[in-house]
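Numbering (the UniProt record's numbering), first residue to last: 1 to 167.
Glycine included, every Cβ here is placed at the ideal spot set by N, Cα and C.
Please read these numbers as outputs of a predicted model, since none were measured by experiment.
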């Protein structure tokens, strides 16, 4: 009888108090591990900015970090969204509410929507004008060069046309 009780006890051991009772399926656990790994990459957070350069820089930095992961398209969106805070997080919530299937949003769809909201075309046109009118003035040469290259992304058509003229 004692052997039977011991055998039954071995088949159904008491729960481990250290065990997480909200056990996760392997897919969820995998995503959790990917989030932890992504955070270790020191991915930047994003709230809101009036400067489209900052928004675009955030997206580029996130893309660089995501390139270091082995994530699916949907996981990339989840990881990027995890880094949204404040107003940007509210934007995302509203975007999801108006989307037919928020769980299937692709990285392409996310990055286009992010760009349209945080880097609007009107602002890009305005910044392109600023680039075209950029003058060194009292800036040191290196400051001017840095600003030139930073602003150059807003006038890609102009800079490509200039490159064609040179060659």
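Assumed close pair residue i, residue j - CB separation to whole angstroms, cut-off 8 Å
{"i": "residue 34", "j": "residue 69", "result": "6 Å"}
Range covered by the alpha helix (DSSP H) that runs through residue i
{"i": "residue 55", "result": "52 to 67"}
{"i": "residue 127", "result": "121 to 132"}
{"i": "residue 150", "result": "141 to 152"}
{"i": "residue 76", "result": "73 to 82"}
{"i": "residue 93", "result": "86 to 97"}
{"i": "residue 115", "result": "107 to 118"}
Contact check, residue i vs residue j, beta carbons under 8 Å
{"i": "residue 131", "j": "residue 113", "result": "no"}
{"i": "residue 152", "j": "residue 127", "result": "no"}
{"i": "residue 81", "j": "residue 92", "result": "yes"}
Nearest neighbour of residue i, chosen from the options [CA to CA]
{"i": "residue 63", "options": "148, 90, 110", "result": "110"}
{"i": "residue 39", "options": "147, 30, 60, 65", "result": "65"}
{"i": "residue 61", "options": "148, 41, 134", "result": "41"}
{"i": "residue 136", "options": "148, 97, 102, 71", "result": "148"}
{"i": "residue 155", "options": "146, 139, 129, 142", "result": "129"}
Q | At least three beta-carbon pairs within less than 8 Å, the region 84 to 103 to the region 32 to 51 | A | yes
Q: Determine contact between the region 110 to 120 and the region 53 to 73, defined as no fewer than three beta-carbon pairs at a distance below 8 Å.
A: Output reads yes: the region 53 to 73 touches the region 110 to 120.
Q. Hey, is the region 64 to 81 in contact with the region 101 to 113, meaning 3+ C-beta pairs nearer than 8 Å?
A. In short, these stretches touch, since the Cβ pair count reaches three.
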